[in-house]
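So the structure is just underneath, and the comments pick up after that.
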Amino acid sequence: MNVGSLRADSRGLKLFAVRRREDVHAAERNHDTGDLATFFASVSAVRSLLTSLDKYEAWIDGAQGEIVIDDDGDDNDDDDIKRPRRFWLFEGTEQFRVATIEDLWADDPDRLPRENETVEWEVWLRPGFEAIFTTEAESVGIPITGQPTKFPDTTLVNVRANKDQLAALVRATAAVVELRGASTFVADYLDLIPEARAALVGQLGARLVAPPADAPRTTILDTGVNHAHPLLNPMLPRSRCHSVEPGWGTADHDGHGTKSAGIVAFGGGLEALLAEGAKGAPVQLTTALESVTVISPEGGARIPARDAIVRAVSIVERTPHPRVFCLAGTADGEAETGRQTSTSAALDKLAWGDGEATRLFCVAAGNVATSPEAPYRHAQYGARNADHRIQAPGQALNALTVGAHTDKTAEGLRLVAPLGDMSPTARTAIGWTRRYAHKPDIVMEGGNHAMDDDGIHSRPSHPLMVLTTHRNAPRAPLGLTNETSAATAYAAGLVTRLLAQYPGYRMETLRALMVHAAEWTPAMQELYDISMRLSETRGREEAWARVLSCYGWGVPSEERLVRSASNALTLVVEDELTPYLKRDGRIVLNQMKYFRLPWPVRALRDLNQTEVEMRCTLSYFTDPHPLADSRDRRDRYASHSLRFDLRRFGESQEAAQRRVNELAEENLGDVNTGAPDDGWVVGPAMRRRGSLHHDIWKGAAFRLASRDGISVYPVRGWWGDRPSEDYHTKSTRFSLVVSIRTPPSAVDLVAEAVNLIPNHLLVENLVRV
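With positions in the sequence shown counted from 1, the corresponding number in the working numbering is that position plus 80.
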């Protein structure tokens, strides 16, 4: 086949790719098709091609004797014999037909997905057609994974679809140049010989720049960490490795702790950093690590889980320093009903501190127990592991409890979890009989499973896990991890990086921001739709309870946490109030706070009927009373609770304050009065539990313009039952985060709000009120 001067930028008929006979698929070779070329042809180009083909036929039929041609292959030659346009293309072509997925496939024929098999594809797009392709994919529900990669003349994206779906997308967009199988670094790195792996790790280790001395730390409460690992040593000197029991030692006796440390340090970015090799830029580390062994080695002295956590905190706090705690282990043997246990109460007490020196713990929700002899039964996944409930101390009110979801896919494997859904072995709160709070709070990457051939079991495989550090460095410096341990390490590392960017923020604020930046994936939102269809009684409330029990508030976006846009305004309030007052020998509710926020009123009014989104998050810690549950007073486990309430549309500032004050005068504090407050996604009844309250309001922009007032008010807890003691004098800190998001390029919300704020209250990307 001779395509002559046709190129990708030719007018009309554009050449996408040419594959010679030795490169064409086996199926095509069996038909002796020869070379294969793919083109894009506009309607006019097709007409022109047919016209040229008619002329070619007439020219051939009218030729006498031997045809004299020259050999330069140029369609535009001007020799004595005037051949028709595209002559050389027609001479070497057997047939023209509409291209298929098989024609666009440029990878190994054996890797071509089977019919009806949903896999991840690597799609090579025409320049300038990226937006068309993305829009069409989103409109038909085909997820695009990862970020686009731009090269000269093409942009690469990954999509998850079956062959029929992708074929329809090809026809609808005319954007696809070729298709290949999606790739992953993980298997390649682990397939390398040990010396090659060590060399890669050594190259990256040489590029790491140690964090500043005052960098915040992630304290890993686990099986120990190998501080000598070349990727961890810049963040973890030996002096910061501890053990709650001297006989256990500080070395990683299991491997779990070093794997967690690698995720804390690098998140999901280790593969990309390794791929850059020695020529990559220096990597400035902004956070540090410290390790405390809290899980006993085999044969070691047994220490109660609650005691181990208390000891660990005491050890590291001999050196005052900003830190976030990562607890990826669970307290085996404690109740899994949602009821508070000794370990969860101890953790709540540590997080509360004295109400001033609060601490933030990222805690794993736990996993369904599996082993090589008893692998995961993937039939349990359909019910989202309802019979396997979150383990202690994941029910702790003051913790940031982390579940697991997955974006991991692999070509050729039958996956258990759909893209964006819950990781297979992640536990949920669906089966809890006692619910103090909605848990988990968030979910992060925990890997996926591939189904076994028996059709019953499943297990993780290399492409479906997360690459991380391994304790056996330097011999085997890289390893794999998954489940809620990986997810919790992801979260702890992210919170610590957030603390590095905003060192002045309280732990209550960091926890609020993590939830505030979380969103449900399409797969998570689909569970709500399914639950609504199946529910026959409570409807919406029951459906949201199921979603929150599986995914919490979704997956935090690091970009939303640390970057702002003109159409996304985030306001942060850090304050305190005194919940109770002693009057005539009895305790009554005392104080509320009302904030008139720097609201972009003009911008919102200009948007008029445009739908906008507002999020509100209230975070505070409470002093726990673990015996309250035993006395059948679950509402008295917390020393106090707080709530938020927004000024209604059309309500004056005074009326908004008066409505909340009436609750305090009646000493109720947890009853909605006045006009209903429509537009909330979850609603007041569902967001009340725990000490971390979040909700999303959606509605017309003009209605939001007048909702610039927000109240924070107390609700009774066990402090209010002790008039003979001084609990009524205690104050509680809280953090309130409010954000507005409009369609892109609609208005500049930030500019208008900033003009209303004194300069000393401005923080990069956020506004402190």
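In this text, a Cβ means the ideal position worked out from N, Cα and C, and glycines have one as well.
Predicted model only: the values in this text are computed from it and were never measured.
Below 8 Å on the Cβ atoms is my guess for residue i versus residue j; work out the distance and round it to an integer in Å.
{"i": "MET531", "j": "ARG494", "result": "4 Å"}
{"i": "GLY573", "j": "GLY347", "result": "6 Å"}
{"i": "TRP201", "j": "VAL239", "result": "5 Å"}
{"i": "ARG701", "j": "THR438", "result": "Per the sequence shown, the amino acid found at residue 701 is Phe instead of Arg. Indeed, because the Cβ distance is near 5 Å, the residues count as touching under 8 Å."}
{"i": "GLU622", "j": "ALA765", "result": "The pair is not a contact, with the Cβ atoms about 12 Å apart (cut-off 8 Å)."}
{"i": "LEU590", "j": "VAL818", "result": "LEU590 to VAL818, Cβ: 16 Å. No contact."}
{"i": "GLY483", "j": "ALA567", "result": "7 Å"}
{"i": "PHE724", "j": "LEU698", "result": "5 Å"}
{"i": "GLY282", "j": "PRO310", "result": "6 Å"}
{"i": "HIS485", "j": "TRP633", "result": "The Cβ separation is near 12 Å, so there is no contact."}
{"i": "ARG391", "j": "ALA426", "result": "At roughly 11 Å, the Cβ-Cβ gap does not stay under 8 Å, so ARG391 and ALA426 are not in contact."}
What do you get for residue i, buried or exposed, if any count of 16 or more other CB atoms within 10 angstroms of its CB means buried?
{"i": "PRO824", "result": "exposed"}
{"i": "GLN733", "result": "exposed"}
{"i": "THR180", "result": "exposed"}
{"i": "ALA355", "result": "exposed"}
{"i": "SER565", "result": "buried"}
{"i": "SER721", "result": "buried"}
{"i": "ASN562", "result": "buried"}
{"i": "GLY759", "result": "buried"}
{"i": "PRO326", "result": "exposed"}
{"i": "ALA293", "result": "exposed"}
{"i": "SER804", "result": "exposed"}
{"i": "ASP190", "result": "exposed"}
{"i": "ALA449", "result": "exposed"}
{"i": "PRO659", "result": "buried"}
{"i": "ALA278", "result": "buried"}
{"i": "THR548", "result": "buried"}
{"i": "THR215", "result": "exposed"}
{"i": "LYS359", "result": "exposed"}
{"i": "ARG469", "result": "buried"}
Tell me residue i's beta-bridge partners as DSSP assigns them.
{"i": "PHE675", "result": "ILE790"}
{"i": "GLN689", "result": "Per DSSP, none; premise fails for GLN689."}
{"i": "VAL694", "result": "Note that residue 694 is Met in the sequence shown, not Val. Paired residues: TRP777, ILE820."}
{"i": "GLU258", "result": "TRP204"}
{"i": "ILE667", "result": "LYS662"}
{"i": "VAL537", "result": "Reading the sequence as shown, one finds His at residue 537 and not Val. BP columns for HIS537 point to ARG457."}
{"i": "THR548", "result": "GLY559"}
Rounded to the nearest angstrom, what separates residue i and residue j at their Cα positions?
{"i": "CYS442", "j": "ASN196", "result": "40 Å"}
{"i": "GLN472", "j": "ARG767", "result": "Inspection of the sequence shows that residue 472 is occupied by Ala rather than by Gln. Cα to Cα, ALA472 sits roughly 22 Å from ARG767."}
{"i": "GLN364", "j": "ARG802", "result": "52 Å"}
{"i": "THR576", "j": "ALA121", "result": "53 Å"}
{"i": "ARG796", "j": "ALA286", "result": "56 Å"}
{"i": "ASP151", "j": "THR173", "result": "With a pLDDT of 40 at ASP151, under the threshold of 50, the modelled position of this residue cannot be trusted; read the value that follows with caution. The alpha-carbon atoms of ASP151 and THR173 are separated by roughly 17 Å."}
{"i": "ASN82", "j": "PHE167", "result": "9 Å"}
{"i": "TYR461", "j": "PRO602", "result": "17 Å"}
{"i": "MET594", "j": "ASN447", "result": "22 Å"}
{"i": "ASN306", "j": "CYS321", "result": "9 Å"}
{"i": "TYR570", "j": "ILE343", "result": "6 Å"}
{"i": "SER394", "j": "SER811", "result": "24 Å"}
{"i": "ARG382", "j": "THR330", "result": "16 Å"}
{"i": "ALA597", "j": "THR822", "result": "15 Å"}
{"i": "TYR585", "j": "LEU816", "result": "12 Å"}
{"i": "PRO164", "j": "ARG206", "result": "29 Å"}
{"i": "GLY435", "j": "THR303", "result": "30 Å"}
{"i": "ILE850", "j": "VAL374", "result": "No information on residue 850 is available, as it lies outside the stretch 81 to 849 that the chain covers here."}
{"i": "THR650", "j": "LEU784", "result": "15 Å"}
{"i": "ALA431", "j": "ALA479", "result": "7 Å"}
{"i": "ASP115", "j": "GLN175", "result": "11 Å"}
{"i": "GLU852", "j": "LEU192", "result": "In this structure the chain extends from 81 to 849, so residue 852 is not present and cannot be described."}
Which residues in the same chain have their Cβ closer than 6 Å to the Cβ of residue i, if we skip the five residues on either side of it in sequence?
{"i": "GLN581", "result": "VAL642"}
{"i": "ALA736", "result": "ARG727, GLY789"}
{"i": "THR481", "result": "VAL443, ALA445, GLY474, LYS519, PRO520, ASP521"}
{"i": "LEU657", "result": "GLN671, LYS673"}
{"i": "PHE209", "result": "ALA255"}
{"i": "PRO680", "result": "LEU829, GLU832, ALA833"}
Leaving out five residues on either side along the sequence, give the residues of the same chain with a beta carbon under 8 Å from the beta carbon of residue i.
{"i": "GLY730", "result": "SER786"}
{"i": "LEU661", "result": "ILE667, VAL668, LEU669, ASN670, GLN671, HIS808"}
{"i": "TRP139", "result": "ARG163, PRO164, PHE167"}
Within a Cβ cutoff of 7 Å, which residues of the same chain sit near residue i, ignoring the five residues on either side of it in sequence?
{"i": "THR198", "result": "ARG240, ALA241, ASN242"}
{"i": "GLY770", "result": "LEU477, TYR516, ALA517, HIS518"}
{"i": "GLU414", "result": "THR421, THR423, ALA472"}
{"i": "HIS401", "result": "ARG297"}
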